[in-house]
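Accompanying notes for the structure given below.
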Amino acid sequence: MDAWSNVVEIISIVFMAIGAFFIFVGGVGALRMPDFYTRMHAASLTDSAGPIFILIGLILHTDSFLVAIKLFTVLVFILITGPTASNALASAALLAGNKPSLAVKQTTAE
Amino acid sequence: MIFYIVAFALVITMCLALVRAVRGPGLYDRVLAVNMMGTKTVLLLAVIAYIMGRPDYIDLALAYALINFIGVFAVLEFFRTRESQLALTSSTTQSGQEKALDEQGGQS
Amino acid sequence: MIEIFNIFLMAMLVITALAMVSSRHLFITVMLSGIFSLLVAAIFLFLDAADVALTEAAVGAGISTVLFLGALALMDVEETARGERWVRVSSLVVVAVTTIALVYATFDQPLFGDPNAPINLHVAPWYIENVPVHMGIPNIVTGILGSYRGYDTLGEVFVVYTAGIGVLSLLGDPVKNRMNRPVQNHGLRHYLIPRVVGRMLIPFIILFGLYVQFHGEYSPGGGFQAGALIAAAMILFAILEGENRALNVIPMRVLYLMMASGALLYGGVGVATLFMGGNFLEYTVLGSTMVSGQQWGILLIEAGVGLTVTGVLITIFHAFAARSNL
Amino acid sequence: MAWVDYFHYWVFAILLMIGFFGVIAKRNLVKKLVGLSIFQSAVFLLYITMGKVEGGTAPIYGITDNTVFSNPLPQVLILTAIVVGISTTALGLSIVVRIKEAYGSIEEDVIHEKDRVE
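Those protein sequence lines, which keep their order, are chains A, B, C and D.
When we follow this note's numbering, the leftmost residue of the first sequence carries the number 440, and every step to the right adds one.
When we follow this note's numbering, the leftmost residue of the second sequence carries the number 40, and every step to the right adds one.
When we follow this note's numbering, the leftmost residue of the third sequence carries the number 2, and every step to the right adds one.
When we follow this note's numbering, the leftmost residue of the fourth sequence carries the number 110, and every step to the right adds one.
Here it is, written out as structure tokens:
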């Protein structure tokens with residue numbers, strides 16, 4: 440095994456670790472944030488950042504061209520559909536009269 | 040080994056999203072949790088393909104990546120038609136009714 | 002090591018099912034059933050059932066949620082009555098006793114993954130050995146589905162067809178129902194971002210559906226999965242542009258034709274083999290050699306399955322969407 | 110770990126009974142249908158679990174060198190049953206929609222009450 444493939448291997452492991460970290464942080468954010476819109480913010484941002492790192496890490500790990508293309512397609516579709524779904528969800532919530540509550544809560548607490 | 044770590048992080052995050060889905064409090068938190076679970080499942084399927092050494096499993100991840108968002112659009116359409124029906128039947132406090140609906144969802 | 006993930010997912014599955022049954026709000030139940038379907042698909046993949054996981058993915062993510070929401074739009078979303086106390090208590094007792102009995106019975110089951118369990122000893126090794134010999138295709142599941150178990154699949158296709166007819170006869174012709182509506186539904190036409198992105202993805206979903214249909218002999222896939230995927234693409238179009246435009250793209254007449262012609266194509270292949278000197282659905286007579294005849298037969302009946310499933314699922318969606326509670 | 114061998118069957122039993130509870134104890138007709146579909150998924154899970162072979166892989170030739178395959182027959186049965194399941198669920202939902210239009214409610218109690226009055 441030459442040095443170059445070792446370097447690629449290490450880069451792919453680092454990328455996947457960063458991606459796993461982002462995903463986990465997104466999960467914690469969606470659990471701990473105070474109201475719906477902030478929870479959606481945490482979840483949707485990390486749902487874009489995590490897949491970028493994890494899937495690029497997987498692509499670097501593979502030898503097969505077909506698998507790399509398929510994973511890249513998955514990444515492109517996630518990056519297109521994820522934010523769109525978040526947008527549609529926020530539209531639905533606003534439509535039904537769900538207001539961001541954080542500012543209101545702060546003023547009442549003081 | 041790194042695949043197992045990533046898969047484990049994904050499964051743990053799915054547990055967190057499930058807690059959000061079960062506890063609520065509103066209706067939209069459930070939809071958000073479904074959406075999160077969808078993305079995590081796509082990644083989990085891709086990682087399983089590597090763990091098991093089966094490249095054809097990535098087709099499944101592709102299928103989920105393509106059609107997972109249809110459910111959220113259906114939710115938007117559901118609330119849109121409901122809103123317009125409420126506007127037709129009673130032109131008074133439509134958002135108030137929706138808010139009552141939302142609160143009842145939170146209690147259960 | 003992999004079993005640990007499976008145990009996690011199964012525990013989550015049980016929690017989801019409990020929340021689904023105990024929730025008082027039907028919208029929440031439907032959303033949780035989406036999560037249930039995702040978890041079931043992942044578990045199927047861990048249990049080596051790639052074709053089944055693809056079917057669950059296509060049906061659960063694309064069709065099931067939309068159908069339930071379409072039905073919920075016609076009724077109240079809250080559960081008002083809880084039922085009498087004695088009903089709940091007695092059914093809880095019945096359920097608890099039956100659970101204990103079932104768990105006790107599992108100790109007589111073969112161990113998980115035992116290669117010598119009775120289920121793995123009888124016909125399965127013969128199938129695994131003979132699919133490459135008789136049909137020359139790598140995907141054993143498609144081979145069994147199309148050829149060895151062709152009668153089963155024929156029956157299932159006719160059940161799906163009958164269910165489509167049943168929904169139509171209960172809910173009425175979508176075109177007539179639509180004309181009686183006071184307000185026409187324009188879908189998400191005014192929501193720019195969902196509309197642009199959704200329209201951009203529809204060709205890719207249909208392309209992927211066709212890939213699943215025609216590559217089903219070599220990788221996970223087949224007519225059932227492809228039908229669900231293509232139906233999901235058309236349902237997405239109907240959500241984005243309103244059902245009227247979707248009915249302009251594929252009119253109801255074409256959908257009825259698809260439903261019937263798929264089932265007829267399947268049955269017709271069987272009758273054709275009868276006339277060519279074989280038994281019903283004996284594909285060998287269709288080609289010069291056994292392998293080519295079997296491959297032609299599987300290709301044709303998978304096309305029939307795909308047509309019927311696509312037609313029925315889109316028809317069911319239109320039947321629900323055309324109904325109005327105003 | 111002995112209990113792992115039976116864990117899948119236990120999950121099947123519990124899911125089956127959760128679905129059954131939904132069918133017999135809930136008064137809402139849509140809830141009954143959801144209970145039925147949980148019941149259905151439990152049966153699917155049992156079939157697929159029983160077909161799993163230790164050290165096996167998905168029954169498709171030529172992708173890996175592994176020639177131990179899980180049992181393909183339950184997968185064939187369940188694959189078709191999933192699509193049939195969604196069609197029959199749609200049929201049930203359309204019956205519920207007609208009941209709602211005829212009685213104005215999908216709660217069993219209200220429907221029985223209206224039947225008694227007439």
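Glycine residues also receive a C-beta, built at the ideal position from the N, C-alpha and C atoms.
Proximal residues to residue i (C-beta, below 7 Å), its chain only, five neighbours per side dropped
| i | result |
| --- | --- |
| Val-447 of chain A | Leu-499 |
| Thr-311 of chain C | Gly-228, Ile-231, Ala-232, Met-259 |
| Thr-131 of chain B | With a pLDDT of 42 at Thr-131 of chain B, under the threshold of 50, the modelled position of this residue cannot be trusted, and the question is left open. |
| Asp-218 of chain D | Arg-136 |
Alpha-carbon to alpha-carbon, residue j and residue i
| i | j | result |
| --- | --- | --- |
| Leu-266 of chain C | Ile-302 of chain C | 7 Å |
| Leu-172 of chain C | Gly-144 of chain C | 37 Å |
| Ala-72 of chain C | Val-58 of chain B | 27 Å |
| Phe-108 of chain B | Val-31 of chain C | 15 Å |
| Pro-119 of chain C | Asp-52 of chain C | 23 Å |
| Leu-99 of chain B | Glu-222 of chain D | 48 Å |
| Tyr-257 of chain C | Leu-533 of chain A | 39 Å |
| Pro-94 of chain B | Gly-171 of chain D | 11 Å |
| Val-113 of chain D | Arg-179 of chain C | 54 Å |
| Val-192 of chain D | Gln-214 of chain C | 15 Å |
| Gly-210 of chain C | Glu-122 of chain B | 34 Å |
| Gly-135 of chain B | Gly-65 of chain B | Because Gly-135 of chain B sits at a pLDDT of 45, beneath the cut-off of 50, its placement in the model cannot be relied upon, and the following sentence gives the value as read from the coordinates. Each residue's Cα considered, the two are about 15 Å apart. |
| Arg-324 of chain C | Asn-245 of chain C | 13 Å |
| Phe-121 of chain D | Leu-155 of chain C | 29 Å |
| Phe-153 of chain D | Asn-445 of chain A | 44 Å |
| Val-515 of chain A | Phe-281 of chain C | 46 Å |
| Gln-184 of chain D | Phe-45 of chain C | 10 Å |
| Leu-140 of chain B | Thr-81 of chain C | Residue placement at Leu-140 of chain B is poorly supported in this model, since its pLDDT is 49, which falls under 50; the coordinates still yield a value, given next. Looking at the two C-alpha atoms, the distance is approximately 13 Å. |
| Pro-252 of chain C | His-480 of chain A | 41 Å |
| Leu-84 of chain B | Ala-507 of chain A | 15 Å |
| Phe-321 of chain C | Ala-199 of chain D | 9 Å |
| Leu-237 of chain C | Phe-148 of chain D | 29 Å |
| Asp-174 of chain C | Gln-110 of chain C | 49 Å |
| Gln-146 of chain B | Ala-42 of chain C | Any reading at Gln-146 of chain B must be qualified, since the residue scores a pLDDT of 39, below 50, and its modelled position is unreliable; the value itself is stated next. Distance between the alpha carbons of Gln-146 of chain B and Ala-42 of chain C: 30 Å. |
| Ala-273 of chain C | Ile-206 of chain C | 33 Å |
| Val-198 of chain C | Glu-227 of chain D | 53 Å |
| Val-139 of chain D | Val-467 of chain A | 33 Å |
| Ala-247 of chain C | Phe-318 of chain C | 11 Å |
| Gly-35 of chain C | Ala-106 of chain C | 31 Å |
| Ala-264 of chain C | Thr-56 of chain C | 20 Å |
Whole-Å CB distance - residue i paired with residue j, under 8 Å assumed
| i | j | result |
| --- | --- | --- |
| Val-473 of chain A | Ile-517 of chain A | Sequence inspection shows Pro at residue 473 of chain A; the Val mentioned does not correspond to that position. About 27 Å separates the two Cβ atoms, so there is no contact after all. |
| Val-73 of chain B | Gly-110 of chain B | 7 Å |
| Arg-190 of chain C | Glu-242 of chain C | 6 Å |
| Tyr-67 of chain B | Ala-531 of chain A | 7 Å |
| Gly-188 of chain C | Ala-239 of chain C | 7 Å |
| Val-158 of chain C | Gly-63 of chain C | Their Cβ separation, rounded to whole angstroms, is 20 Å, which puts Val-158 of chain C and Gly-63 of chain C out of contact at 8 Å. |
Same chain, Cβ closer than 8 Å to residue i, five either side skipped, listed in chain order
| i | result |
| --- | --- |
| His-135 of chain C | Gly-144, Ser-148, Met-291, Val-292, Gln-295 |
| Ile-299 of chain C | Met-136, Ile-138, Thr-143, Gly-144, Gly-147, Ser-148, Glu-218, Tyr-284 |
| Leu-33 of chain C | Thr-17, Ala-20, Met-21, Ser-24 |
Other residues of its chain near residue i: CB distance less than 6 Å, five sequence neighbours each side excluded
| i | result |
| --- | --- |
| Gly-144 of chain D | Gly-128, Gly-131, Val-132 |
| Phe-37 of chain C | Thr-17 |
| Thr-316 of chain C | Gly-165, Leu-256 |
| Gly-61 of chain C | Ser-38 |
| Ile-128 of chain C | A small fix is needed here, since residue 128 of chain C is Tyr in this sequence, not Ile. The residues are Ile-145. |
| Leu-287 of chain C | Gly-294, Trp-297, Gly-298 |
| Gly-307 of chain C | Gln-214, Gly-224, Ala-227, Gly-228 |
Residues sharing a beta bridge with residue i, DSSP
| i | result |
| --- | --- |
| Ile-517 of chain A | Its beta-bridge partners do not exist; DSSP assigns none. |
| His-26 of chain C | C:Glu-79 |
| Ile-169 of chain D | C:Asn-140 |
| Asn-137 of chain D | D:Glu-216 |
| Phe-178 of chain D | D:Thr-166 |
**OP:** Using a Cβ-Cβ cut-off of less than 8 Å, give me the residues of the stretch 72 to 95 of chain C that come near chain A, in sequence order.
**Re:** none
**OP:** Please list the residues of the stretch 96 to 115 of chain B that have a C-beta atom closer than 7 Å to any C-beta atom in chain D, keeping them in chain order.
**Re:** none
Subject >> Interface positions of the stretch 53 to 84 of chain B facing chain D (Cβ-Cβ less than 7 Å), listed along the chain >> reply: Those residues of the stretch 53 to 84 of chain B that come within reach of chain D (Cβ to Cβ, closer than 7 Å) do not exist; the list is empty.
Original post:
Given a limit of 7 Å on CB to CB distance, which residues of the stretch 179 to 196 of chain C reach chain A?
Top reply: Tyr-192, Ile-194, Pro-195
Original post:
Taking any Cβ of chain D, which residues in the stretch 222 to 244 of chain C have a Cβ under 9 Å from it, in chain order?
Top reply: Gly-223, Phe-225, Gln-226, Gly-228, Ala-229
**OP:** Using a Cβ-Cβ cut-off of less than 7 Å, list which residues of the stretch 126 to 149 of chain C approach chain B; keep chain order.
**Re:** none
Original post:
Which residues, in chain order, does the stretch 143 to 176 of chain D contribute to contact with chain G at a C-beta distance below 7 Å?
Top reply: Checking the listed chains, one finds no chain G in this structure; the protein chains it contains are A, B, C and D.
Subject >> Contacting positions in the stretch 489 to 510 of chain A - beta carbon closer than 9 Å to chain B >> reply: Gly-489, Pro-490, Ile-493, Leu-494, Gly-496, Leu-497, His-500, Thr-501, Ser-503, Leu-505, Val-506, Lys-509, Leu-510
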